[in-house]
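Trainee: In my numbering, the protein residues as written are 1 to 311.
Before we start, here is the structure in question, set down as structure tokens.
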């Protein structure tokens, strides 16, 4: 990021630090992402490392980092909250952590503009250095944690230990399928989307970059509305989506019903070669939607001339 941008942007972000999941079985989830998504397990925290209440595995691909955490014993407040999250929602995202140059300044800026603080800025330290963290609440039971790791050289956060690569796994990440988190989408209730768009604009200086109305994304029976936002550097992008009135229940309404409230619906991951990535994931058991013939019948009319033959 250019130096001038860090000075002029009132809420500078360095990117998505991690997407944190609460899951029923962190070891099993890490195995899935390693086996199916070809992600590398890079760090671990649990009873063996001095954290008796939780087990957490960090998996990475390019700049994508997922943290998968499950409860070992609900003996602490954080473990009880995580257990409640899984009981209410099933496996799901608890935190979209954002890397910042100054976590204290980011927290103060957001809270002064109406964000609800969950954890005031604090430091955690181990032999690799010090990380400063602070958290604010967003939709549902989700949060943003601001992470300043400028003084840290460890594998993830203090308390985590590095994990050796599995047999045949690339140590340098040269076989990674993904490059970075492109965007995250949050589903909220009917009539709540605009208030969350305002939240991001007001508290973190995001700008709306796109809008989809119920006329844009609709069938005869179901519809939704969505707005897209980006930070000043365009490194972090979010969509906020709400249901629209239709003849039947929309996919957003179904999500809210089955998940038990607002939350992160999906995470979009960037890749340098989408065709090779899809082939690689499918070869390891990931299922993708099939494309009906009618999609290709109307493709030329919809997108115009392409460099790829579509006959």
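Every residue, glycine too, gets a C-beta built ideally from N, C-alpha and C.
If we count the other Cβ atoms within 10 Å of its Cβ and call it buried at 16 or more, is residue 308 buried or exposed?
Mentor: As a position in the chain shown, residue 308 is number 308, starting the count at 1. By the neighbour-count rule (16 or more Cβ atoms within 10 Å), residue 308 is not buried but exposed.
Trainee: Could you name the residues of the same chain whose beta carbon sits closer than 7 angstroms to that of residue 2, not counting the 5 residues immediately before and after it, in chain order?
Mentor: Mapped onto the chain shown, residue 2 falls at position 2. Note that residue 2 has pLDDT 42, beneath the 50 cutoff, so the model's placement of it is unreliable and no number is given.
Trainee: Nearest to residue 161 by alpha carbon, out of 127, 14 and 252?
Mentor: As a working mapping, residue 161 is identified with position 161 in the chain shown. Nearest C-alpha to residue 161: 127.
Trainee: If the criterion is Cβ atoms closer than 7 angstroms, does the pair residue 146 and residue 98 meet it?
Mentor: Here residue 146 refers to the residue found at position 146 of the chain shown. Here residue 98 refers to the residue found at position 98 of the chain shown. Yes.
Trainee: Mind checking residue 206: buried by the 16 CB within 10 Å criterion, or exposed?
Mentor: As a first step, residue 206 is located in the chain shown; it is residue number 206 there, counting from the start. It counts as buried.
Trainee: State the beta-bridge partners of residue 21 as determined by DSSP.
Mentor: Taking the chain shown and counting its residues from 1, the one referred to as residue 21 is at position 21. Residue 21 pairs with 68 and 93.
Trainee: Which residues bound the alpha helix (DSSP H) around residue 33?
Mentor: As a working mapping, residue 33 is identified with position 33 in the chain shown. Residues 26 to 36.
Trainee: Go ahead and label residue 60 buried or exposed: buried means 16 or more other beta carbons lie within 10 angstroms of its beta carbon, across all protein chains shown.
Mentor: Here residue 60 corresponds to residue number 60 of the chain shown, with the count starting at 1. Buried.
Trainee: What is the DSSP secondary structure of residue 268, reduced to helix, strand or coil?
Mentor: On the chain shown, position 268 is the one that residue 268 refers to. Strand.
Trainee: Who are residue 183's beta bridge partners in DSSP?
Mentor: Residue numbering aside, residue 183 sits at position 183 when the chain shown is read from its first letter. Its beta-bridge partners are 268.
Trainee: Any idea if residue 297 is buried or exposed, counting beta-carbon neighbours within 10 angstroms, 16 or more meaning buried?
Mentor: By 1-based counting over the chain shown, the position of residue 297 is 297. Exposed, since its Cβ has fewer than 16 Cβ neighbours within 10 Å.
Trainee: Let me know the secondary structure DSSP gives residue 5 once reduced to three states.
Mentor: Counted from its first residue, the chain shown places residue 5 at position 5. Any reading at residue 5 needs caution, since the residue's pLDDT is 46, under 50, leaving its predicted position unreliable; the model's value is listed next. Three-state result, residue 5: helix.
Trainee: On the criterion of 16 or more Cβ atoms from any shown chain inside 10 Å, does residue 239 qualify as buried, or is it exposed?
Mentor: In the chain shown, residue 239 corresponds to position 239, counting from 1. Result: buried.
Trainee: Taking the DSSP output, what are the residues bridged to residue 252?
Mentor: By one-based count along the chain shown, residue 252 stands at place 252. Paired residue(s): none; residue 252 is not in a bridge.
Trainee: Roughly how many whole angstroms lie between the Cα atoms of residue 80 and residue 272?
Mentor: Here residue 80 corresponds to residue number 80 of the chain shown, with the count starting at 1. Here residue 272 corresponds to residue number 272 of the chain shown, with the count starting at 1. Straight-line Cα distance between these residues: approximately 40 angstroms.
Trainee: How do the region 162 to 172 and the region 251 to 261 stand: do at least 3 beta-carbon pairs fall below 8 angstroms, yes or no?
Mentor: Output reads no: the region 251 to 261 does not touch the region 162 to 172.
Trainee: Is residue 301 buried or exposed, if buried means 16 or more other CB atoms sit within 10 Å of its CB?
Mentor: Locating residue 301 in the chain shown gives position 301, counting from the first residue. Burial call: exposed.
Trainee: Answer yes or no: do residue 140 and residue 292 have a C-beta to C-beta separation smaller than 7 angstroms?
Mentor: In the chain shown, counting from the first residue as 1, residue 140 sits at position 140. In the chain shown, counting from the first residue as 1, residue 292 sits at position 292. Not in contact: residue 140 and residue 292 (Cβ atoms no closer than 7 angstroms).
Trainee: If you check the beta carbons only, do residue 244 and residue 224 fall under 7 angstroms apart?
Mentor: Against the chain shown, residue 244 aligns to sequence position 244. Against the chain shown, residue 224 aligns to sequence position 224. Taking 7 angstroms as the Cβ cut-off, residue 244 and residue 224 qualify as a contacting pair.
Trainee: Which residue comes first and which comes last in the alpha helix (DSSP H) that contains residue 277?
Mentor: The residue labelled residue 277 in the question sits at position 277 within the chain shown. Residue 277 -> alpha helix (DSSP H) spans 274 to 283.
Trainee: Do the CB positions of residue 227 and residue 242 come within less than 7 angstroms of each other?
Mentor: Translated into positions along the chain shown, residue 227 becomes position 227. Translated into positions along the chain shown, residue 242 becomes position 242. Their beta carbons are not under 7 angstroms apart, which means residue 227 does not touch residue 242 by this criterion.
Trainee: In this structure, does DSSP put residue 195 in helix, strand or coil?
Mentor: Position 195 of the chain shown, counted from the start, is the residue given in the question as residue 195. Correct three-state label for residue 195: helix.
Trainee: Could you tell me if residue 124 is buried or exposed, where buried requires 16 or more neighbouring beta carbons within 10 angstroms of its beta carbon?
Mentor: Within the chain shown, the letter at position 124 stands for residue 124. Exposed, because fewer than 16 other Cβ atoms sit within 10 Å of the Cβ of residue 124.
Trainee: What do you get for residue 47, buried or exposed, if any count of 16 or more other CB atoms within 10 angstroms of its CB means buried?
Mentor: The residue given as residue 47 occupies position 47 in the chain shown. Exposed, since its Cβ has fewer than 16 Cβ neighbours within 10 Å.
Trainee: Assuming the contact rule is C-beta atoms closer than 8 angstroms, residue 53 and residue 69 should be a hit. Round their C-beta distance to whole Å, please.
Mentor: Translated into positions along the chain shown, residue 53 becomes position 53. Translated into positions along the chain shown, residue 69 becomes position 69. Between residue 69 and residue 53 the Cβ distance is about 10 angstroms, and since that is not below 8 angstroms, they are no contact.
Trainee: In whole angstroms, what is the alpha-carbon distance linking residue 24 and residue 91?
Mentor: Taking the chain shown and counting its residues from 1, the one referred to as residue 24 is at position 24. Taking the chain shown and counting its residues from 1, the one referred to as residue 91 is at position 91. About 6 angstroms.
Trainee: When the Cα atoms are used, what is the spatial distance from residue 37 to residue 284?
Mentor: Taking the first residue of the chain shown as position 1, residue 37 is located at position 37. Taking the first residue of the chain shown as position 1, residue 284 is located at position 284. Roughly 8 angstroms between the two C-alpha positions.
Trainee: Distance, Cα to Cα, residue 184 vs residue 63?
Mentor: Numbered from 1 along the chain shown, position 184 holds the residue referred to as residue 184. Numbered from 1 along the chain shown, position 63 holds the residue referred to as residue 63. Each residue's alpha carbon lies about 15 angstroms from the other.
Trainee: Does the region 190 to 208 come close enough to the region 27 to 41 that 3 or more CB-CB pairs lie under 8 angstroms?
Mentor: Output reads no: the region 190 to 208 does not touch the region 27 to 41.
Trainee: What is the DSSP secondary structure of residue 207, counted as helix, strand or coil?
Mentor: Position 207 of the chain shown, counted from the start, is the residue given in the question as residue 207. The answer is strand: DSSP assigns residue 207 an E or B state.
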